[in-house]
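Chemist: So that we are looking at the same thing, I have put the structure below in structure tokens.
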Amino acid sequence: MGMRGKLVAGNWKMHGNLVENKALLDALSARLSVLEGASCAVCVPYPYLFQVQSALQGGKIAWGAQNLSQHEKGAFTGEVSASMLLDFGCKYAIVGHSERRALFGDDDATVAAKFVAAQKAGLTPILCVGETLEEREGNITEQVVARQLDAVMSVVGVDGLKNSVLAYEPVWAIGTGKTASPEQAQAVHAFIRARVAVASADVANGLVIQYGGSVKASNAAHLFSMPDIDGGLIGGAALSADEFVAICLASQAA
Ligand code: PEP
């Protein structure tokens, strides 16, 4: 088994303002200065990237965006490119979050194009995959996750996954308070890793696969103790300093 670290990333979604962000960022900077051997990041709305860069620069917490354009530059009104994110010190860009897939038309091909755009610029994409409740109940979880994964792998090749992070996020667990049990999540994580391993065991062993879906301080340690769960993508709980710090520290201990 290759060595891979744990990564906890916050997804603020469309929340925050200058005043609230400052309080949260100050608390995170102070309380996560003790981090060692685990990694932590926050993915924030575009307008706050400068604020986040100013607050976190030189510290232990990385940052990123929640989306990006698949295009490099040009006449794309309202869009934000990978190189703009780099200008503000981003390390990560989330691609294929279920809210973007469901509400903003990000289909598999668009997600793959965004993944490529991020990597080409030197960002690390966090690729989200996951099934809806209907799909889980229809016993097609593995089929759905495989399709979402293959859509990217077929474009970038297995080596293209080296510089990326995967996030397994069952849609029915996002923002619902319903967490996948550690065993349920582990089963899908193992499935994803095995699918990548068919193409390259090395890439599979090194791949960080986060779990996302109602992770909180109270369930993080158990989830992170599973062999194929390498940290988490955190929505609601990332808006609370107490919760997010506790989750990051749980990943360090796991
Ligand atoms: C998410 O938005 O990626 C997420 C996992 O949200 P929550 O933690 O609120 O379920």
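Numbering of the sequence shown is given in numbering that gives the first Met the number 0, commencing with residue 0 and proceeding in unit increments.
Glycine residues also receive a C-beta, built at the ideal position from the N, C-alpha and C atoms.
So L126 and V94 are supposed to be a Cβ contact under 8 Å. How far apart are they, rounded?
Modeler: In the sequence shown, residue 126 corresponds to position 127, counting from 1. In the sequence shown, residue 94 corresponds to position 95, counting from 1. Rounded, the Cβ-Cβ distance is 6 Å, consistent with contact.
Chemist: Going by other Cβ atoms of all chains shown within 10 Å of its Cβ, with 16 needed for buried, is R280 buried or exposed?
Modeler: Outside the displayed range of the chain (0 to 253) lies residue 280, so it cannot be described from this structure.
Chemist: Please report the residue range of the alpha helix (DSSP H) in which I191 lies.
Modeler: As a working note, residue 191 is residue 192 in the sequence shown. P181 to A198 is the extent of the alpha helix (DSSP H) around I191.
Chemist: CB-CB under 6 Å to V43, same chain, minus the five flanking residues each way: which ones, in chain order?
Modeler: Stepping through the sequence shown from its first residue, residue 43 is reached at position 44. The answer, listed in chain order, is W11 and V51.
Chemist: Just to check, is the beta-carbon of I208 closer than 7 Å to a non-hydrogen atom of ligand 1?
Modeler: Sequence index remark: in the sequence shown, residue 208 carries index 209 (1-based). Checking every heavy atom of ligand 1 against the Cβ of I208, none is found closer than 7 Å.
Chemist: So, are the CB atoms of L206 and V214 less than 8 Å apart?
Modeler: Numbered from its first residue, the sequence shown carries residue 206 at position 207. Numbered from its first residue, the sequence shown carries residue 214 at position 215. No. Outside cutoff.
Chemist: Classify V7: buried if its beta carbon has 16 or more other beta carbons within 10 angstroms, exposed otherwise.
Modeler: Within the sequence shown, residue 7 is the residue found at index 8, counting from 1. It is buried - the Cβ of V7 has at least 16 other Cβ atoms within 10 Å.
Chemist: Spatial neighbours of H70 within its chain, please: C-beta separation below 8 Å, excluding the five flanking residues on both sides.
Modeler: On the sequence shown, residue 70 is found 71 positions in, with the first residue counted as 1. Same-chain partners within the cutoff: E78, S80 and A116.
Chemist: Less than 7 Å between the CB of G212 and some heavy atom of ligand 1, yes or no?
Modeler: Along the sequence shown, read from residue 1 onward, the residue named residue 212 stands at position 213. It does: the Cβ of G212 is within 7 Å (strictly closer) of some heavy atom of ligand 1.
Chemist: Using a 10 Å radius around the Cβ and a threshold of 16 neighbouring Cβ atoms, would you call T76 buried or exposed?
Modeler: Reading the sequence shown from its first residue, position 77 is the one you call residue 76. It is exposed - the Cβ of T76 has fewer than 16 other Cβ atoms within 10 Å.
Chemist: What's the C-alpha gap between I246 and L238?
Modeler: Residue 246 sits at position 247 when you count from the first residue of the sequence shown. Residue 238 sits at position 239 when you count from the first residue of the sequence shown. Cα-Cα distance, rounded: 12 Å.
Chemist: Using only the alpha-carbon positions, how far apart do A101 and V41 sit?
Modeler: Locating residue 101 in the sequence shown gives position 102, where the first residue counts as 1. Locating residue 41 in the sequence shown gives position 42, where the first residue counts as 1. C-alpha separation (whole angstroms): 22 Å.
Chemist: What residue range is occupied by the uninterrupted beta strand (DSSP E) comprising S38?
Modeler: Position 39 of the sequence shown, counted from the first residue, corresponds to residue 38. Per DSSP, S38 belongs to the beta strand (DSSP E) from A37 to V43.
Chemist: Kindly provide the ranges of any alpha helix (DSSP H) runs that are 4 or more residues long and lie completely inside the region 119-160, ordered along the chain.
Modeler: Whole alpha helix (DSSP H) segments, 4+ residues: 132-136 and 140-155.
Chemist: Give the secondary structure of G63 by DSSP, where H, G and I count as helix, E and B as strand, and everything else as coil.
Modeler: Looking up residue 63 in the sequence shown gives position 64. Looking at G63 - three-state DSSP - the assignment turns out to be strand.
Chemist: Give the secondary structure of L6 by DSSP, where H, G and I count as helix, E and B as strand, and everything else as coil.
Modeler: For the purposes of this step, residue 6 is taken as residue 7 along the sequence shown, with counting starting at 1. If DSSP states are grouped into helix, strand and coil, L6 belongs with the strands.
Chemist: Check whether the region 165-182 and the region 126-137 touch, using three or more Cβ-Cβ pairs below 8 Å as the test.
Modeler: By the C-beta criterion, the region 165-182 is judged to be in contact with the region 126-137, since at least 3 inter-stretch pairs fall below 8 Å.
Chemist: Could you check how far apart the C-beta atoms of S28 and A54 are, in whole angstroms? I think they sit under 8 Å.
Modeler: On the sequence shown, position 29 is the one that residue 28 refers to. On the sequence shown, position 55 is the one that residue 54 refers to. Right, the Cβ-Cβ distance comes to about 7 Å (below 8 Å), so this counts as a contact.
Chemist: Under 8 Å by Cβ, that's how I've got I228 and Q183 pegged, so tell me the actual separation to the nearest angstrom.
Modeler: In the sequence shown, residue 228 corresponds to position 229, counting from 1. In the sequence shown, residue 183 corresponds to position 184, counting from 1. Not a contact, Cβ separation roughly 11 Å.
Chemist: Indicate, with yes or no, if ligand 1 has a heavy atom lying under 7 Å from the CB of H96.
Modeler: Working through the sequence shown from its first residue, we reach residue 96 at position 97. Because some heavy atom of ligand 1 lies under 7 Å away, the Cβ of H96 counts as near it: yes.
Chemist: Residues in its own chain within less than 6 Å of A189 by CB, not counting five upstream and five downstream?
Modeler: Your numbering for residue 189 matches position 190 in the sequence shown. So the list reads D227, once near-sequence residues are dropped.
Chemist: Take K90 and list the residues in its own chain whose beta-carbon comes closer than 8 Å to its own, dropping the five residues that flank it on each side.
Modeler: Walking along the sequence shown from the start, residue 90 turns up at place 91. Counting only Cβ-Cβ distances below 8 Å, and skipping sequence neighbours, we find A40, A61, W62, G63, L122 and T123.
Chemist: Could you work out which residue in V157, S217 and A22 is closest to A198 when comparing CA atoms only?
Modeler: In the sequence shown, counting from the first residue as 1, residue 198 sits at position 199. Considering only alpha carbons, the answer is V157.
Chemist: Can you grab the Cα-Cα spacing for the pair A240 / P46, in whole Å?
Modeler: Here residue 240 is taken as the residue at index 241 of the sequence shown, counted from 1. Here residue 46 is taken as the residue at index 47 of the sequence shown, counted from 1. The straight-line gap from Cα to Cα measures roughly 21 Å.
Chemist: I believe V144 touches V187 by the beta-carbon criterion, under 8 Å. Please report the beta-carbon distance rounded to the nearest angstrom.
Modeler: Here the question's residue 144 lines up with position 145 in the sequence shown. Here the question's residue 187 lines up with position 188 in the sequence shown. V144 to V187, Cβ: 6 Å. Contact.
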